[in-house]
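The block underneath contains the structure these notes are about, expressed in structure tokens.
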Amino acid sequence: MDRYRNHKAIKSIRTANFKSFGPDLWASEFVKICHSVPVRTPGGGVKKIAITKYISGHSGARRKRAQTIKQQLINNEEVKKDTDAVDWLSRSWDRISSCFFGHGQIEEISLLLELALKADLVKPDRLQEWVNNDQLIGLDCNGFTNAYYSAIGCFIENPIHWHNKYKKIAGTAHTWHDINYDSAVLWARSKSKQSEKDENDDKVVDKHDRITLDTWEVIPNGHKGPDHHAHIGVIDHVLNDEVVVCQHGSNVGPRTSTYKIVSEPPSKKKGKEVWYLREIGKSKAQTLILTKPMPTFAAGE
Numbered sequence: 001m002d003r004y005r006n007h008k009a010i011k012s013i014r015t016a017n018f019k020s021f022g023p024d025l026w027a028s029e030f031v032k033i034c035h036s037v038p039v040r041t042p043g044g045g046v047k048k049i050a051i052t053k054y055i056s057g058h059s060g061a062r063r064k065r066a067q068t069i070k071q072q073l074i075n076n077e078e079v080k081k082d083t084d085a086v087d088w089l090s091r092s093w094d095r096i097s098s099c100f101f102g103h104g105q106i107e108e109i110s111l112l113l114e115l116a117l118k119a120d121l122v123k124p125d126r127l128q129e130w131v132n133n134d135q136l137i138g139l140d141c142n143g144f145t146n147a148y149y150s151a152i153g154c155f156i157e158n159p160i161h162w163h164n165k166y167k168k169i170a171g172t173a174h175t176w177h178d179i180n181y182d183s184a185v186l187w188a189r190s191k192s193k194q195s196e197k198d199e200n201d202d203k204v205v206d207k208h209d210r211i212t213l214d215t216w217e218v219i220p221n222g223h224k225g226p227d228h229h230a231h232i233g234v235i236d237h238v239l240n241d242e243v244v245v246c247q248h249g250s251n252v253g254p255r256t257s258t259y260k261i262v263s264e265p266p267s268k269k270k271g272k273e274v275w276y277l278r279e280i281g282k283s284k285a286q287t288l289i290l291t292k293p294m295p296t297f298a299a300g301e
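Residue numbers (the numbering used here): 1 to 301.
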């Protein structure tokens with residue numbers, strides 16, 4: 001954990017720019033932070049940057065950009081004056097590259113941008129364009145969800161980057177009593193042949209199909225299910241029959257959406273954990289798996 005959350009350089013950024021981070025941070029507040037990330041400038045001011053671009057996956061081009069930035073920063077005379085930053089740059093290649101693969105923490109991205117300004121790789125007035133168009137720094141749905149969990153101090157040894165791990169860590173929710181503000185929301189599909197006809201996105205799953213599902217699976221990365229590509233979000237709160245979900249989808253940016261609970265899982269048996277939620281303003285219910293609250297392994301400062 002020292003490599004990515006408790007390093008001195010990261011803790012300094014969190015203390016300076018993210019005082020609201022900790023167990024009491026709501027996911028909806030984290031969405032607002034993503035749209036206005038503070039970055040300290042060499043002149044002593046603060047530049048607000050939106051980290052809203054959807055970036056996902058490894059590629060040679062992204063790795064090359066990360067390597068280039070790391071080398072430019074380590075060799076820069078101004079950056080060398082900050083020994084904590086140099087140590088972070090030297091020891092945290094996996095975390096630096098994660099910022100270019102959609103899985104960086106918000107503090108890591110803020111630190112990287114601060115050092116880029118210090119090294120004069122970019123001017124403050126062009127920083128947003130540099131992030132969005134030159135370096136393509138952003139998050140994917142897993143990156144956003146995991147960055148939130150890290151912000152509230154809810155994580156294991158390393159960031160989680162695979163959908164199925166969330167339900168294995170927290171357990172599966174069967175009633176609304178099982179879910180809370182830090183439950184994960186996993187878009188899933190049925191493996192039952194009886195639900196194959198529902199692959200038409202214009203049809204709503206009827207009651208009979210809902211109660212005869214054999215089993216379910218979280219939609220594998222890269223494969224489209226009846227409701228959505230593989231996707232994950234986090235619950236902000238539950239009120240009566242509505243669930244407020246925070247998520248980051250392709251070309252939309254981090255956002256907060258409200259869903260009506262159409263039906264809870266019909267039983268506690270394995271393979272019956274499917275929920276049906278309908279986003280307000282849309283006509284089709286979506287197939288979801290909800291987890292219980294994520295365990296907190298270390299409190300956020």
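Cβ atoms here follow ideal geometry from the backbone N, Cα and C, with glycine treated the same way.
For residue i, I'd like the list of residues in its chain whose CB is within less than 6 Å of its CB, leaving aside the five on either flank, ordered along the chain.
i	result
S98	G104
I74	L89
Y166	A184, T291
DSSP on residue i, reduced to helix/strand/coil?
i	result
R5	coil
K47	strand
T15	helix
W275	strand
H248	strand
I261	strand
D178	helix
Q128	helix
H163	helix
A173	coil
L288	strand
G225	Interpretation of G225 is limited by its pLDDT of 46, a score under 50 that renders its predicted location unreliable; the figure taken from the coordinates is listed afterwards. G225 falls in the coil class under three-state DSSP.
I219	coil
W93	helix
I106	helix
Please report the distance separating the alpha-carbon of residue i from that of residue j.
i	j	result
T106	I96	Before going further, note that residue 106 is Ile rather than Thr in the sequence given. So the two alpha carbons sit approximately 12 Å from each other.
S250	T256	14 Å
V218	H163	7 Å
T133	N142	Reading the sequence as shown, one finds Asn at residue 133 and not Thr. Cα-Cα distance, rounded: 22 Å.
G45	L127	14 Å
V31	A85	27 Å
Y259	G171	21 Å
G253	G22	23 Å
A285	R278	4 Å
E78	A116	10 Å
E29	A151	11 Å
K19	S12	11 Å
K48	L239	32 Å
D241	T15	38 Å
I137	H237	29 Å
P293	K268	17 Å
D178	N17	33 Å
S190	T287	8 Å
Our contact map puts residue i next to residue j with C-beta atoms below 8 Å; I'd like the distance itself, whole angstroms only.
i	j	result
H248	L139	6 Å
T291	A188	About 11 Å separates the two Cβ atoms, so there is no contact after all.
I235	Y181	6 Å
C34	I55	The pair is not a contact, with the Cβ atoms about 13 Å apart (cut-off 8 Å).
T289	W216	Reading off the sequence shown, one finds Ile at residue 289, where the question assumed Thr. About 7 Å; that satisfies the 8 Å criterion.
W93	K70	7 Å
Can you name, in chain order, every residue of its own chain whose Cβ lies under 8 Å from the Cβ of residue i, other than the five neighbours on each side?
i	result
Q72	A119, L121
I10	Y4, W88, Q105, E107, E108, L111
Q135	R65, I69, F100
Residues in its own chain within less than 7 Å of residue i by CB, not counting five upstream and five downstream?
i	result
L25	A151, I152
Is residue i a contact residue of the ligand PLP, with contact defined as CB to any heavy atom under 6 Å?
i	result
G143	The ligand PLP is not part of the structure shown, which contains no ligands of any sort.
Is it a yes or a no for the region 28-47 touching the region 109-117, going by three-plus beta-carbon pairs under 8 Å? yes
Report yes or no: do three or more beta-carbon pairs, one from the region 62-77 and one from the region 265-276, lie closer than 8 Å? no
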